[in-house]
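Chains as they are written, first to last, in the numbering used here: chain H, 1 to 362; chain P, 363 to 614.
Heads up, the beta-carbon is just placed ideally off N, CA and C, and yes, glycines get one too.
Just so we're clear, the structure is a prediction, and the values are computed from it rather than from any experiment.
Before any comments, here is the structure.
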Amino acid sequence: MPEKPIKGEKRYFMTGNEVVAYAALAAGADIMYGYPITPQNEIMHYWTRMAPKYGKNFLQTEDELSAGFTTVGGVLAGRKSFTATAGPGNTLMQEPVSMAEAMRLPIVVVVQQRGGPSTATVIYSQQEVTMTTIGGNGEGFRIVYSTSSHQELFDYTIKAFNTAWKYRFPTFILGDGYQAKMRESLTMYDPEERGISLVPAEPYVGKPGTPGTDRPPEQYRNTYNVEEEIYEVVQNLARDFNAIASEVAEYESLAADRSEVVVVAHGVVSRAVKEAVNELREAGISVGYFRPVTLRPLAEKELREAADKARVLLLVESAHGQMARLIKEAAYGCKAEMIPFFKPGMGITAEEVAARVKSILG
Amino acid sequence: MSVQLAMPKSWRIDTKPHKFCPGCGHGLVLKALGQAIDELGIQDRAVYGCDIGCSLLSWDFFNVDSIQTHHGRTTPVITGLKRANPDLVGIAYMGDGGGYAIGSQHLVNAAARNENITVILVNNTQYGMTGGQMAPTTMPGQKTETSPYGRDPQKTGYPTQGPEMVAAITREGAYVARGTVANPKQLKGFIKKALENQIAGNGFSFVEVLSTCPTNWRTNAEETWKFVEKEMTKYFKVGEIKVPEPRHEEGK
Ligand SMILES: Cc1ncc(C[n+]2csc(CCOP(=O)(O)OP(=O)(O)O)c2C)c(N)n1
Ligand code: SF4
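Given below as structure tokens:
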């Protein structure tokens with residue numbers, strides 16, 4: 001049985017879903033659990049074709065509740081486990097994710113956003129930001145990488161497994177239907193050959209020895225009797241999450257500290273924004289961009305710096321203000337005026353962004 | 363009058379006395395489970411999952427690695443665990459609301475896939491933890507907080523026949539039984555067989571247990587036993603249930 005799917009480095013031209021399946025293999029994932037939903041289906045299709053060749057497993061579950069909870073079970077058994085979903089499936093996924101948050105279980109969930117609310121479209125959107133960052137009956141103790149290209153889908157899927165197992169918070173890759181279905185070129189590589197060491201998985205239960213004789217039993221709960229208990233649990237979660245936030249948070253920016261207008265966007269929309277900003281800057285216009293790579297936690301300090309120096313933050317997204325809410329909260333009290341440019345469920349072009357910036361600057 | 367028998371070795375002594383109400387059947391089921399774990403010598407590789415319902419009180423009941431899951435979700439958690447590490451012996455423990463209502467899709471599909479896990483489901487004819495509402499197992503005419511005039515089968519159907527349903531959809535090799543806390547010895551035998559079946563890799567093993575909830579039934583000791591032995595057995599037949607013969611293969 002070949003041990004590794006990718007040796008050395010190679011250029012590929014493929015769909016994003018295929019990239020995710022390869023990246024999960026490269027990251028050493030052991031088992032995928034999933035339920036069909038467009039536009040993530042092909043992650044399962046490619047995984048089920050490749051997995052047996054590398055001794056990996058797959059289970060098609062009865063729904064996304066089960067996909068999420070079986071992923072939880074896989075992680076408890078000490079295996080790198082993941083699932084993928086979208087839209088209404090992501091809604092159901094929030095219940096298992098809340099258990100993973102409460103118990104610090106490193107599940108990895110790939111979300112390929114589709115239109116909403118409800119069943120909506122199977123094509124594309126950025127409308128799962130709120131749910132993915134702070135869904136469930138919790139406080140959003142999870143890590144969310146919003147990717148913008150196939151290269152990033154590969155890089156960050158590998159990273160997601162490492163982040164999850166290093167910090168023990170549920171970790172999401174937030175893609176979208178365009179990234180899922182489009183073909184694009186990228187370089188795939190064996191992470192270890194690049195010096196990226198893979199954080200090993202460890203069992204939560206079923207460790208060696210007899211509980212009570214050789215070791216105490218491993219017992220995990222998520223219910224508590226009194227207010228003081230849950231208060232302490234959440235305080236500890238918050239403390240740990242805040243402690244790692246600056247280490248985990250990632251962003252990209254261009255002239256965000258010295259421009260009149262700073263355009264804020266994440267995911268594929270940030271590509272259009274970069275293109276627009278580069279063109280406008282060549283024409284001598286005072287504009288920059290800020291792109292959060294992690295939507296949870298946000299690179300708050302850097303964002304606030306930009307929001308204090310710019311006159312305007314132009315918030316661009318394929319949703320009706322879901323990223324904007326995160327940005328406004330993080331930049332509360334900063335000087336910049338926040339101007340929305342929302343196209344829920346629709347793609348956004350560089351031309352549209354450039355036109356908006358020009359109209360703001362008059 | 364009752365003789366206090368020795369606790370199973372796999373019980374965690376420092377968490378006893380347990381947290382169930384006096385007269386609750388959960389303790390008796392978990393005693394049978396503890397004895398079965400002891401006799402099979404699987405304390406080191408058993409993983410116990412409990413649901414949300416009164417079963418949640420048992421998250422630290424055994425000297426066995428344990429996970430408290432969500433209401434209805436113990437079956438998929440144990441399924442995922444067992445799929446990821448087949449050397450473990452996965453035990454999913456739940457109430458009738460957890461197994462037959464909110465988690466019924468998991469039970470049905472785990473049974474249909476013949477997942478190699480053991481599910482133990484406590485049937486006390488109502489929702490214990492939330493204060494005695496109607497469950498899928500509530501019997502015709504039985505009064506609960508949400509069927510205060512008695513369950514009317516015309517409006518809300520008849521009690522779910524869980525083991526019969528499971529037996530009808532599992533494959534050859536699965537194990538299905540209905541025990542009762544009124545017969546602990548037989549119950550232990552059923553649970554032990556269910557675990558052995560999993561260890562042998564034969565497939566899904568399911569034991570429903572007729573159990574007591576004097577708190578919500580509002581019964582004294584005598585009425586409690588009468589209810590479980592006389593009333594419940596009118597609808598729920600105790601014994602092992604034969605799983606179907608090997609089925610015709612598609613296309614033959
Ligand atoms: C998603 C969800 N819905 C509802 C509840 C509330 N709830 C907690 S326990 C329970 C019923 C438990 O009844 P059963 O499963 O029959 O177990 P018992 O308490 O009788 O042992 C319910 C509805 C919950 N915890 N989670
Ligand atoms: S409420 Fe009923 S089922 Fe729950 S612990 Fe008390 S007696 Fe047992």
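Any idea if residue i is buried or exposed, counting beta-carbon neighbours within 10 angstroms, 16 or more meaning buried?
i	result
residue 231 of chain H	exposed
residue 1 of chain H	exposed
residue 397 of chain P	buried
residue 226 of chain H	exposed
residue 137 of chain H	exposed
residue 131 of chain H	buried
residue 363 of chain P	Reliability of the predicted coordinates at residue 363 of chain P is poor, the pLDDT of 46 falling under 50, and the value obtained from them is presented with this limitation in mind. Residue 363 of chain P comes out exposed.
residue 359 of chain H	exposed
residue 416 of chain P	buried
residue 582 of chain P	exposed
residue 374 of chain H	Residue 374 of chain H lies beyond the stretch modelled for chain H, which goes from 1 to 362, so this question has no answer here.
residue 349 of chain H	exposed
residue 13 of chain H	exposed
residue 461 of chain P	buried
residue 119 of chain H	exposed
residue 515 of chain P	exposed
residue 214 of chain H	exposed
residue 3 of chain H	exposed
residue 246 of chain H	exposed
residue 521 of chain P	buried
residue 229 of chain H	exposed
So residue i and residue j are in contact, right, with Cβ under 8 Å, and what is the actual spacing, rounded?
i	j	result
residue 469 of chain P	residue 484 of chain P	13 Å between Cβ atoms; not a contact.
residue 376 of chain P	residue 206 of chain H	Incorrect: roughly 22 Å between the Cβ atoms, too far for contact.
residue 77 of chain H	residue 408 of chain P	The pair is not a contact, with the Cβ atoms about 13 Å apart (cut-off 8 Å).
residue 295 of chain H	residue 144 of chain H	5 Å
residue 500 of chain P	residue 506 of chain P	6 Å
residue 443 of chain P	residue 546 of chain P	At roughly 28 Å, the Cβ-Cβ gap does not stay under 8 Å, so residue 443 of chain P and residue 546 of chain P are not in contact.
residue 451 of chain P	residue 523 of chain P	In fact, because the Cβ distance is near 27 Å, the residues do not count as touching under 8 Å.
residue 111 of chain H	residue 174 of chain H	5 Å
residue 411 of chain P	residue 453 of chain P	7 Å
residue 126 of chain H	residue 267 of chain H	6 Å
residue 10 of chain H	residue 29 of chain H	Residue 10 of chain H to residue 29 of chain H, Cβ: 20 Å. No contact.
residue 541 of chain P	residue 569 of chain P	6 Å
residue 269 of chain H	residue 287 of chain H	Contact flag wrong, Cβ pair sits at about 16 Å.
Less than 7 Å between the beta carbons of residue i and residue j, yes or no?
i	j	result
residue 39 of chain H	residue 180 of chain H	yes
residue 478 of chain P	residue 565 of chain P	yes
residue 65 of chain H	residue 92 of chain H	yes
residue 158 of chain H	residue 191 of chain H	yes
residue 154 of chain H	residue 23 of chain H	yes
residue 432 of chain P	residue 464 of chain P	no
residue 321 of chain H	residue 341 of chain H	no
residue 476 of chain P	residue 532 of chain P	yes
residue 458 of chain P	residue 497 of chain P	yes
residue 387 of chain P	residue 543 of chain P	yes
residue 263 of chain H	residue 289 of chain H	yes
residue 370 of chain P	residue 400 of chain P	yes
residue 167 of chain H	residue 107 of chain H	no
residue 255 of chain H	residue 353 of chain H	no
residue 598 of chain P	residue 572 of chain P	yes
residue 538 of chain P	residue 603 of chain P	yes
residue 298 of chain H	residue 141 of chain H	no
residue 219 of chain H	residue 373 of chain P	no
residue 312 of chain H	residue 150 of chain H	no
residue 344 of chain H	residue 310 of chain H	no
residue 430 of chain P	residue 221 of chain H	yes
Measuring only from the beta carbon, is residue i closer than 6 Å to any heavy atom that is part of ligand 3?
i	result
residue 411 of chain P	No copy of ligand 3 occurs in the structure displayed; its ligands are ligand 1 and ligand 2 alone.
If you pair each beta-carbon of the stretch 295-308 of chain H with each one of the stretch 77-91 of chain H, do three or more pairs fall below 8 Å?
-> Not touching, per the Cβ criterion.
Any residues in the stretch 419-433 of chain P with a beta carbon nearer than 8 Å to a beta carbon of chain H? Which ones, in chain order?
-> Close to chain H, meaning a Cβ-Cβ distance shorter than 8 Å, are the following residues of the stretch 419-433 of chain P: 421, 422, 424, 425, 426, 427, 428, 429, 430, 431, 432.
Counting pairs of beta carbons, one from the stretch 113-127 of chain H and one from the stretch 95-103 of chain H, are three or more of them closer than 8 Å?
-> The stretch 113-127 of chain H makes no contact with the stretch 95-103 of chain H; the number of CB pairs closer than 8 Å stays below 3.
Using a Cβ-Cβ cut-off of less than 7 Å, list which residues of the stretch 445-458 of chain P approach chain H; keep chain order.
-> Residues of the stretch 445-458 of chain P with a C-beta less than 7 Å from any C-beta of chain H: 445, 446, 447, 450, listed in chain order.
Given 8 Å as the limit, is there contact between the stretch 548-560 of chain P and the stretch 514-528 of chain P, that is, 3 or more CB pairs closer than that?
-> Segment contact: the stretch 548-560 of chain P against the stretch 514-528 of chain P, fewer than three CB-CB distances shorter than 8 Å; contact not assigned.
Should the stretch 277-285 of chain H be called in touch with the stretch 325-335 of chain H, which here means at least 3 C-beta pairs below 8 Å?
-> By the criterion of at least three beta-carbon pairs nearer than 8 Å, the stretch 277-285 of chain H is not in contact with the stretch 325-335 of chain H.
Under 7 Å (Cβ pairs) to chain H, residues found in the stretch 466-490 of chain P | Per Cβ criterion, the list reads 467, 468, 471.
Check distances from the C-beta atoms of the stretch 25-47 of chain H to those of chain P and list, in chain order, the residues that come in under 8 Å.
-> Within the stretch 25-47 of chain H, the qualifying residues are 30, 31, 33.
Compile a chain-ordered list of the residues in the stretch 220-238 of chain H whose CB is closer than 8 Å to at least one CB of chain P.
-> Answer in chain order: 220, 221, 222, 223.
Chain P contacts made by the stretch 313-330 of chain H, where a contact means CB separation under 9 Å | Within the stretch 313-330 of chain H, no residue qualifies.
Output, in sequence order along the chain, the residues in the stretch 374-404 of chain P whose CB is closer than 8 Å to any CB in chain H.
-> Cβ contacts with chain H come from 374.
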